[in-house]
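Engineer: This is the structure, below, for whatever I ask next.
In this note's numbering, the protein residues as written are 59 to 322.
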């Protein structure tokens with residue numbers, strides 16, 4: 059600050075400077091100082107007059123805005139990467155443009171629905187039960203007896219919530235086409251609980267299909283299976299596996315809580 063005033067006096071200009079100070083209690087404050095000097099006839103400085111304002115709140119708001127801008131850029135980049143991945147894999151696995159169009163529409167809508175949940179909490183995440191409800195709404199989750207789900211309240215980080223939403227969409231799509239949801243009697247039970255572990259607790263999530271047609275392992279791995287097993291496993295830092303039991307598909311995901319929790 060002294061250097062800014064000295065430079066202004068030497069150049070006979072106004073000074074306008076922002077600087078930080080530390081209060082005796084350790085609190086850091088930002089100050090905005092503005093002023094000018096009056097001079098004698100021979101150019102010698104006579105008096106300096108100015109004003110200093112505490113702009114700490116403004117600086118905090120600016121820092122928060124910059125953080126949000128960086129976070130938004132990061133979110134947009136990740137979302138575009140997800141969309142690109144979905145498009146590429148869907149086109150590679152579709153047998154016709156018509157099929158690709160239908161699948162892309164459904165997958166993009168599932169991604170959009172998951173984003174809506176996260177936006178309600180300003181991208182701070184969502185509970186697992188919220189994610190389940192939104193992801194399965196197009197498949198009749200509100201229809202009595204079709205789905206049952208239970209588990210403790212668990213707040214997921216935003217990236218994990220999106221990954222779970224997409225995995226659930228793929229599981230439900232497969233169930234409608236080939237599994238329990240392809241028949242009137244078919245049911246899906248979703249459960250999650252917390253397992254005690256060495257070092258940290260773990261989430262165990264299960265999707266169990268019953269009363270549907272007899273299940274056989276697929277002859278090839280499609281995009282949906284890769285989305286469910288590989289992509290989800292990476293995002294949760296754990297495992298995600300589909301077991302093709304004759305009585306119905308069983309999907310199990312296990313992840314350390316610190317890796318998936320919004321509070322982790």
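Every residue, glycine too, gets a C-beta built ideally from N, C-alpha and C.
It should be emphasised that the depicted structure is a prediction, and the values quoted were computed from it without experimental measurement.
(1) State yes or no: is the C-beta of residue 192 within less than 8 angstroms of the C-beta of residue 294?
(2) I think residue 267 touches residue 237, with their Cβ atoms under 8 angstroms apart; what is that distance to the nearest whole Å?
(3) Residue 319 by DSSP, collapsed to three states: which one?
(4) Which first and last residues belong to the alpha helix (DSSP H) in which residue 153 is found?
(5) Would you check if the distance between the CB atom of residue 197 and the CB atom of residue 168 is smaller than 8 angstroms?
(6) Hey, would you say residue 248 sits closer than 8 angstroms to residue 207, going by beta carbons?
(7) What residues match up with residue 96 in a beta bridge as DSSP calls it?
(8) Whose CA, out of 288, 305 and 262, lies closest to the CA of residue 271?
(9) Measure the alpha-carbon distance for residue 152 versus residue 274 and round it to whole angstroms.
(10) So, at 6 angstroms on beta carbons, what are the nonlocal neighbours of residue 302 in its own chain, with the 5 sequence-adjacent residues on each side left out?
(11) How long is the line joining the alpha carbons of residue 162 and residue 308, rounded to whole angstroms?
(12) Have a look at 100, 86, 87 and 104 and flag the residue whose alpha-carbon is nearest the alpha-carbon of residue 94.
(13) Exposed or buried, which one is residue 287 when buried takes at least 16 other CB atoms within 10 Å?
(14) For residue 86, name the three-state secondary structure that DSSP assigns.
(15) What's the gap between the Cα of residue 99 and the Cα of residue 111?
Structural biologist: With the structure as the only source:
(1) Mapped onto the chain shown, residue 192 falls at position 134. Mapped onto the chain shown, residue 294 falls at position 236. It is not a contact, given that the beta carbons lie outside the stated cut-off.
(2) On the chain shown, position 209 is the one that residue 267 refers to. On the chain shown, position 179 is the one that residue 237 refers to. Contact holds; Cβ gap of about 5 angstroms.
(3) Within the chain shown, residue 319 is the residue found at index 261, counting from 1. Here residue 319 sits in strand by DSSP.
(4) Against the chain shown, residue 153 aligns to sequence position 95. Unbroken run through residue 153: none, as it is neither H nor E.
(5) For this step, residue 197 is matched to residue 139 along the chain shown. For this step, residue 168 is matched to residue 110 along the chain shown. For residue 197 and residue 168, no; Cβs fall outside 8 angstroms.
(6) Indexing the chain shown from 1 puts residue 248 at position 190. Indexing the chain shown from 1 puts residue 207 at position 149. Their beta carbons are under 8 angstroms apart, which means residue 248 touches residue 207 by this criterion.
(7) If you number the chain shown from 1, residue 96 lands on position 38. Answer is 105, bridged to residue 96.
(8) Walking along the chain shown from the start, residue 271 turns up at place 213. Among 288, 305 and 262, the Cα nearest to that of residue 271 belongs to 305.
(9) Locating residue 152 in the chain shown gives position 94, counting from the first residue. Locating residue 274 in the chain shown gives position 216, counting from the first residue. Straight-line Cα distance between these residues: approximately 21 angstroms.
(10) The count along the chain shown starts at 1 and reaches residue 302 at position 244. These residues qualify, in order along the chain: 273 and 275.
(11) Translated into the one-based positions of the chain shown, residue 162 becomes position 104. Translated into the one-based positions of the chain shown, residue 308 becomes position 250. C-alpha separation (whole angstroms): 25 angstroms.
(12) Here residue 94 refers to the residue found at position 36 of the chain shown. When each option's Cα is compared against that of residue 94, the closest is 104.
(13) Numbered from 1 along the chain shown, position 229 holds the residue referred to as residue 287. Per the 10 Å Cβ criterion, buried.
(14) Here residue 86 corresponds to residue number 28 of the chain shown, with the count starting at 1. Strand.
(15) Taking the chain shown and counting its residues from 1, the one referred to as residue 99 is at position 41. Taking the chain shown and counting its residues from 1, the one referred to as residue 111 is at position 53. Each residue's alpha carbon lies about 31 angstroms from the other.
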